[in-house]
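Chains as they are written, first to last, in the working numbering: chain A, 315 to 596; chain B, -8 to 60; chain C, -8 to 60; chain D, -8 to 60; chain E, -8 to 60; chain F, -8 to 60; chain G, -8 to 60. Quick notes on the structure that follows.
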C-alpha cells in the first residue's frame, strides 16, 4: 500500500497520513454530509465542535486512499462516501456525537430543488403584505391568497409542499417571502466507525423522552417495591409508616376496635349507615 | 335517629328487627317509646336489605378521614 | 358495630353514654355483652364530640357521591 | 392504637392474635397493659378477616376526595 | 411489615424506637428477629417524624387501601 | 435506594436476588457495601413477588401528601 | 430496564454514569452486556435530569405504576 501512495504528490501523501493518524488517535471516525451548508453556518458549527470533535474537509479520493491503506474493517467507511462528505473525529461515543450534531441543525430558507423534509404548511390568516402583484405570485405558486380589508390574506390552511417533494422555484420564492424556513441544515452523520463497529444514523437516533420516562418508571418501580416489601430507606420509610398506620386504621374501623384515634371514624361510619338505612325507610 | 340506631343494634347482633325488640332496646336506653314510630319503622324496614344499606355507607368514613388533614 | 350503635341510641336520645347504659341497651337487644368492649368504647368516647364526628362524616358523602361509584 | 399495632405485629408474622400474645408484645414494649383493652381488641377481631379489613376502605371515594383538594 | 408495626407500637406508647426495643417487641411476638432488618429500620427512622408520617396516612387511608386490591 | 435498584437489575436480568449477587452489583458500582443492608434487603424481598410489587402503587400516602397542599 | 436500573444504582450512589461503570454493574449481575445499548444509554442520559425524573416518580408513583402493567 505504501507503493500505492507513493504515486501521489507530497501534499496528498501528507493529507492521507493525516487522515490515518487522526483515525488512530480518536476512538471514533465518522463521515458527515456537508451538503448545502453555507460558509457562515459552517464556521459556527466548527466553533461549536471545537474541543469535542475534529472536522476535516478533504478530497473524497484521498479519504478512499487513506482508509483503503488501513484495510479492514475501517475501509468499509469508503462505501458511505457520498457527495460532499467530510471526516469527523471524536472520542465521544457515536450516540453522543449524533446528538451533538443534531443540535447543530438549523432551519434555513429553501432553495429551488431542495426536498421538503416534512409537510410545509401555510396557515390561514393575514400576511404582512399590502395589496399588489404579490397576490398573483402567491396564487401562481398555488397558494390561496386574496385581498381582504386592505391586506393580503391566505384564505385557508394549505399543505404547500408535501414531505419528500422537491420545492420548485416559485414555491421557494413564496416561502422566502413569507420567511418560512423549512430546510434542516447542519452536519448530518452518515456513518460512524467506533471500536470496530459501524453505526448508521438509523441506529443512533435515540428518543430521550423514552429514556426519561423509563427513568421515572424505574424510580417508581423501585419505590413501589421498597414500600411493598417494607424495606426501609430514607425515601421509603415515611410512606411505609403511612401505609402501616393506614392499614391499622382500616382494621380498627372495619373491626370496630374502639380506640381513641379512630373512634370518630367509627361514629362517622355508624351515622352514615344509619342515614343510609333511614333513607331506605322513607 | 335513635329508632334507626336501635334497629341497627338488633341487625348487627343478628337479631330480628321486630316491634317488641326495638321497643325493648329503646326502653333500656331510658327512652319513652312511641308505639307508632316503632310500628312505622318496622313496617318501613320490611323488605329492606339492611346489609346492603349499611355496606353502601361503609365507603364514606375513609373520605371523612381525608377531610381533617 | 352494635356497641357503637348502642352508644348512638343513647346519644341521640340525649342520654349519657355510660358503661351501664350501653350494657343495658345491648342486653335488651338480647346480646351477650362483653364488658371489655363496653369499657373500651366508653373510654374511647371520653372527650369526643359525637355531634362533630357525625357532621364530619356527613360532609364527606357528597364527595363519595362524586366518585364513579 | 398501640393495641392494634400489636395485633398487626402478630398477624403479619403469621401468629394468632390471642390475649396472651398481644399482652406479651405490649409488655415487651414497656407498656403497662390494660387487660380489658386487650380483651376488647381480641373480641373485636374475632371472626374478622384481618387481611381483608386492612385493605378495605372503599378506594374510589377517597381518591375522589384527594383530587379536588 | 411486622418490623414497622413493632416500631409503631413503641412510638405510640411514647417509647424510643431503638434496636433493642424493636427486637424485644418482635421476640415477644415469637418472631425470629433478623438483626439486619432491625438495624435498617432504626437507621431509616433516624430523623424521621413518625407523627407526621402517620398523619399522612390519616389524610388518605383509603388510597393506601386501594393498592393491594 | 441503590440497594433496591441493584435488586431490580438482578431481577430484570432474570437473576436471583441473593446477598452475594446484590453485593457484587453494588461493589461493581464502586459502592462501599453494608452487609446488614444487603441482608435486610434480601430478607425483606423473601417471598415477595417482585413483578407484582413494582407495579403496585404501594406509594399512596405520597399522593395524599401532594393532594391537600 | 436493567440498563436503566444500573444507571440508577450509580446515580443513587453519587457515581458518574459512564459506559465503563454501567458495563461493570451489569457484568457483575451476570448480564451479557451489549455495548451499543450501554453507549445509547449513556448518551441519552447525558441529556436527562435524573434527579428530576426520580423526584417526579416520588410525586406520583401510583399513577405510573398503573400504566406499565
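Yeah, the Cβ is synthetic: ideal placement off N, Cα and C, and Gly gets one too.
Interface with chain A (7 Å Cβ-Cβ cutoff): residue 30/E is excluded. Around the beta carbon of residue 426/A, fewer than 16 other beta carbons sit within 10 angstroms, so the residue counts as exposed. Taking 9 Å as the Cβ-Cβ cut-off, the stretch 538 to 568 of chain A approaches chain F at 538, 539, 540, 541, 542, 543, 544, 545, 546, 547, 548, 549, 550, 552, 553, 554, 555, 556, 557, 559 and 560, given in chain order.
In this structure residue 371/A is exposed. Its beta-carbon is surrounded by fewer than 16 other beta-carbon atoms within 10 angstroms. For residue 14/G, the closest of 43/G, 45/G and -7/G by C-alpha to C-alpha distance is -7/G. For the 7 Å CB-CB criterion, residue 20/G and residue 20/F do not form a contact.
In the three-state reduction of the DSSP assignment, residue 1/E falls in the helix class.
Residue 369/A and residue 402/A do touch by the CB rule: their CB atoms are close to 5 Å apart, below 8 Å. By the Cβ test, the stretch 29 to 38 of chain B is not in contact with the stretch 41 to 49 of chain C, since fewer than three Cβ pairs between them sit closer than 8 Å.
Residue ranges of uninterrupted beta strand (DSSP E) with 3 or more members are absent from the stretch -3 to 41 of chain F; none lies entirely inside it. Considering only beta carbons, the part of the stretch 5 to 28 of chain C lying closer than 8 Å to chain D consists of 25, 26, 27 and 28, in chain order. In the DSSP assignment, residue 571/A falls outside any beta strand (DSSP E) and carries neither an H nor an E. If you compare the alpha carbons of 507/A, 564/A, 463/A and 518/A with that of residue 35/G, the shortest gap goes to 518/A. Separation of the CB atoms of residue 8/B and residue 1/B is rounded to 5 Å, and the pair is thereby assigned contact status at 8 Å. A check of alpha carbon separations from residue 6/D across 42/E, 39/E, 6/E and 23/E identifies 23/E as the nearest.
Nearest to residue 437/A by alpha-carbon distance, out of 467/A, 463/A and 420/A, is 467/A. Burial is judged here by how many other beta carbons sit within 10 angstroms of a residue's own beta carbon; residue 352/A has fewer than 16 and is exposed.
Interface annotation, residue 43/F: not in contact with chain G, CB-CB separation never under 7 Å. Membership of residue 436/A in the beta strand (DSSP E) is indicated by the continuous run 434 to 436.
For residue 586/A, the nearest CB of chain C lies under 7 Å from its own CB, placing it at the interface with that chain. Per DSSP, reduced to three states, the secondary structure at residue 579/A is helical.
The stretch 454 to 463 of chain A makes no contact with the stretch 409 to 417 of chain A, as fewer than three CB pairs between them are under 8 Å. In the three-state reduction of the DSSP assignment, residue 480/A falls in the strand class.
From the beta-carbon of residue 1/G, the residues of chain F found nearer than 7 Å are 20.
Relative to the Cα of residue 409/A, the nearest Cα in the group 430/A, 341/A and 378/A belongs to 341/A. Only residues of its own chain outside the window of five on either side were considered, and among them 29, 30 and 33 have a CB closer than 7 Å to the CB of residue 10/F, listed in chain order. DSSP lists 347/A as the bridge partner or partners of residue 502/A. At least one CB atom of chain E sits nearer than 7 Å to the CB of residue 34/F. Around residue -3/B, the beta-carbon contacts reaching into chain C at under 7 Å are 0. Taking residue 443/A as the centre and dropping the five residues before and after it, the same chain places the C-beta of 466 closer than 6 Å to its C-beta, in chain order.
Taking a C-beta distance under 7 Å as the contact criterion, residue 39/D and residue 584/A do not qualify as a contact pair. Residue -1/G places its beta carbon 7 Å or farther from that of residue 548/A.
Per DSSP, the unbroken alpha helix (DSSP H) holding residue 525/A starts and ends at 522 to 542. Ranked by Cα distance from residue 367/A, the first of 376/A, 451/A, 337/A and 391/A is 337/A.
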